[in-house]
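Heads up, the final residue of the sequence shown is numbered 409 in our numbering, and it's a clean run with no missing numbers. Quick reminder that beta carbons are idealized off the backbone N, C-alpha and C, glycines included. Encoded as structure tokens, the structure appears first; notes follow it.
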Amino acid sequence: MPLEDVGRQGTAVSATRLNTALVGRELAPFAVTVERGKIKEFARAVGDLNPFYLDERVGQASEFGDIIAPPTFLTTFRDESADTAALLRELGTDISRVLHGEQEFELHRPIRPGETFLCRSKVVDIYEKTGKSGPMAFVVREMAVTDRTNEVVATARHITVVRL
Numbered sequence: 246m247p248l249e250d251v252g253r254q255g256t257a258v259s260a261t262r263l264n265t266a267l268v269g270r271e272l273a274p275f276a277v278t279v280e281r282g283k284i285k286e287f288a289r290a291v292g293d294l295n296p297f298y299l300d301e302r303v304g305q306a307s308e309f310g311d312i313i314a315p316p317t318f319l320t321t322f323r324d325e326s327a328d329t330a331a332l333l334r335e336l337g338t339d340i341s342r343v344l345h346g347e348q349e350f351e352l353h354r355p356i357r358p359g360e361t362f363l364c365r366s367k368v369v370d371i372y373e374k375t376g377k378s379g380p381m382a383f384v385v386r387e388m389a390v391t392d393r394t395n396e397v398v399a400t401a402r403h404i405t406v407v408r409l
């Protein structure tokens with residue numbers, strides 16, 4: 246009997262598995278318009294007081310011509326109308342089993358206020374591992390952020406951990 250099928254008392258339990266058929270699934274695209282105040286608010290919230298993020302005079306005098314967003318500002322790019330619960334149901338789990346894994350960002354150019362971006366996310370991988378606390382699944386999503394000319398401005402990668 247595989248280890249993941251053995252409960253704490255040594256009795257067999259059914260192991261939860263995620264719906265791996267979702268690999269390759271593209272989620273509905275959504276648009277984000279970057280607001281000047283939100284850039285400043287975010288920079289202050291994360292404690293990054295870089296004048297490129299906060300000082301309009303510094304931004305205007307820079308090669309960017311305006312303030313720019315911190316790289317991790319992409320965490321605010323979310324589809325407010327998306328039904329996260331529906332995705333979790335399709336995966337075969339619920340929010341009580343979900344943990345934030347990691348995020349990484351690749352910026353190809355600075356993000357400035359007033360710009361509108363189209364964000365396209367998809368599930369690129371689902372895999373399992375066994376840790377000290379038991380079996381876990383990892384759901385890897387990537388989001389491509391494009392500008393009005395369809396140029397990729399940034400790519401964000403997010404890993405969600407699901408306790409099985």
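For I404, the pairing in a beta bridge is given by DSSP as E347 and V385.
Contact holds between the region 307-317 and the region 281-299, because three or more Cβ pairs, one in each stretch, are under 8 Å apart. In the three-state DSSP reduction, T265 falls in the helix class (H, G or I). Pairing L272 with A327 gives a Cβ-Cβ distance under 8 Å.
With contact defined as three or more Cβ pairs closer than 8 Å, the region 371-383 and the region 351-359 are not in contact. Secondary structure note for V303: its alpha helix (DSSP H) is the uninterrupted segment E301 to A306. Taking a C-beta distance under 8 Å as the contact criterion, T400 and E351 qualify as a contact pair. Around the beta carbon of R386, a 10 Å sphere encloses 16 or more other beta carbons of the protein chains shown; the residue is thus reported as buried. Under the DSSP assignment, A276 falls outside any alpha helix (DSSP H), being part of the beta strand (DSSP E) whose first and last residues are F275 to T278.
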